[in-house]
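Enquirer:
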Ligand code: 5AD
Ligand code: SF4
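Residue numbers (the working numbering): 24 to 476.
1) How long is the line joining the alpha carbons of residue 201 and residue 278, rounded to whole angstroms?
2) If we ignore side chains and look at the alpha-carbon of each, how far apart do residue 108 and residue 299 end up?
3) Going by beta-carbon coordinates alone, are residue 135 and residue 172 separated by less than 8 Å?
4) Does the distance between the C-beta of residue 224 and the nearest non-hydrogen atom of the ligand 5AD fall short of 7 Å?
5) Is residue 363 near the ligand 5AD, with its Cβ less than 7 Å from a heavy atom?
6) I'd like the list of long-range same chain contacts for residue 354, defined as Cβ closer than 7 Å, with 5 residues on each side in sequence excluded.
7) So the candidates are 372, 77, 39, 60; which of them puts its Cα closest to the Cα of residue 66?
8) Nearer than 7 Å: is that true of the beta carbon of residue 291 relative to any heavy atom of the ligand 5AD?
9) Are the CB atoms of residue 114 and residue 77 within a distance shorter than 8 Å?
10) Rounded to the nearest angstrom, what separates residue 137 and residue 57 at their Cα positions?
11) Quick one: what does DSSP say residue 310 is sitting in, helix, strand or coil?
12) Give me, in chain order, the residues of the same chain whose beta-carbon lies closer than 6 Å to that of residue 92; leave out the 5 immediate sequence neighbours on both sides.
13) Along the chain, where does the beta strand (DSSP E) that runs through residue 196 open and close?
14) Strictly closer than 6 Å from CB to any heavy atom of the ligand SF4: give me those residues in the order they appear in the chain.
15) Output needed for residue 336: all residues of its chain with C-beta closer than 7 Å, excluding positions within five of it in sequence on either side, in chain order.
16) Helix, strand or coil for residue 326? Go by DSSP, reduced to three states.
17) DSSP beta-bridge partners for residue 359?
18) Any heavy atom of the ligand 5AD inside 7 Å of the beta-carbon of residue 177?
19) Check whether the Cβ atoms of residue 275 and residue 240 lie closer than 8 Å to each other.
20) Nearest-angstrom Cα distance between residue 469 and residue 162?
21) Going by DSSP in three states, residue 430 sits in which element: helix, strand or coil?
22) Hey, out of 166, 431, 361, whose CA is closest to residue 291's CA?
23) Can you determine whether any heavy atom of the ligand 5AD sits closer than 7 Å to the C-beta of residue 260, and answer yes or no?
24) DSSP beta-bridge partners for residue 36?
25) Measuring from the CB of residue 390, is there a heavy atom of the ligand HEM at a distance below 7 Å?
26) Exposed or buried, which one is residue 152 when buried takes at least 16 other CB atoms within 10 Å?
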């Protein structure tokens, strides 16, 4: 580490792994650093402060962090002037702190301490010593993050999780549930609207628990209505727990044109025996009841889910129950994971992991089946007109890519789009994961993209 004075500006780059909550936290940290006079750079190579925003839900993202930290340590030993920071879920765990020690990480801030980042940078510069902060700071819940200069704005409405599913490390990394005040959420929503954001994504580990047990806060359904009433073209939310998914959320969705008809409702398994061992508090029948109510009140709704394959003790019969649940629900898409035994979770401690071959084979089978289902569901949209928020260049440079109101990935030829924004698109062809279309119109008023004051 080079000796620096407290006020010296740094060139900072944050590498974000994991979920959208991490993306929101990255934006918060970058906003803080910019407000403190530091400069954001586009690539790690241009930075003298690199922060890894980490994920700890499965083993793979942890391995990625170890590889990157190893590389940074090598570069520092070779003389590169570099301060390395670590934030996100892994930072909160003993496992992450051991890794941080091993690789000489300079700054470590847990998910509840991200507002400490400016102080951390200053302290490290001043003392030439690592700075760690792992507190859950209550000020974070009222902290106002400036609007991003992007078309989609992530907005965290609650943090933490009270569910304690046996496979999941999140309750330990992000602590118990805390909801933000309605005022601070609406303040951020309005700032986003002023700055040209076209889609607000309300985020939380379990958004449906918003306001639970707090007489001073509205329910999640009421909050959804408030955000929709700002008039922002699109409101989406994730993630929902079936246990807390109430009818009034479905009603709010049915009543408000701008609440997107898309629901991500993680089921994790179709087998009651597995759900019990996972400590998921609902059973298959209850989950299907919710799906039936959603489909009745919101025709043409798009549904997605999370599934864990190969949970300890999962039999072929349990796995078949997951496959048959898929057939019943007809998900449009699914995030499918192979069970990863995470140190510190109850299932790691109490259950034996299944052989890797069994887990891999089941995951492959599920992915194959899902591909067929997704293709069929996507195919229904061919010939239809969808509203698509086109945001960026696709990997194939001939196309630009965006998402429909219902979260389909949609590609259109670059030549048809002058500027990024909301378009109407007629779908020409469908693959299991992507729709290809032709622009038929501009769907929104042109809103200048500028930072909110
Ligand atoms: N192994 C595999 N998948 C997991 N998830 C959470 N913990 C684990 C684990 N130990 C998945 C769940 C959750 C999603 C965010 O990650 O499906 O909904
Ligand atoms: Fe983890 Fe379960 Fe909480 Fe989701 S609901 S964050 S899977 S403990």
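Beta carbons: idealized from backbone N, C-alpha and C, even for Gly.
Here the structure is a predicted model, which means the values were calculated and not measured.
Expert: From the atom records:
1) 28 Å
2) 39 Å
3) no
4) no
5) yes
6) 326, 327, 328, 396
7) 39
8) yes
9) yes
10) 14 Å
11) helix
12) 126
13) Segment 193-197 is the alpha helix (DSSP H) holding residue 196; no beta strand (DSSP E) there.
14) 184, 186, 187, 188, 191, 193, 194, 228, 229, 264
15) 300, 374
16) strand
17) 330
18) no
19) no
20) Unreliable placement is indicated for residue 469, whose pLDDT of 44 sits below 50; the coordinate value is still reported in the next sentence. One C-alpha to the other measures close to 36 Å.
21) coil
22) 361
23) no
24) 73
25) What this structure holds is the ligand 5AD and the ligand SF4, not the ligand HEM.
26) exposed
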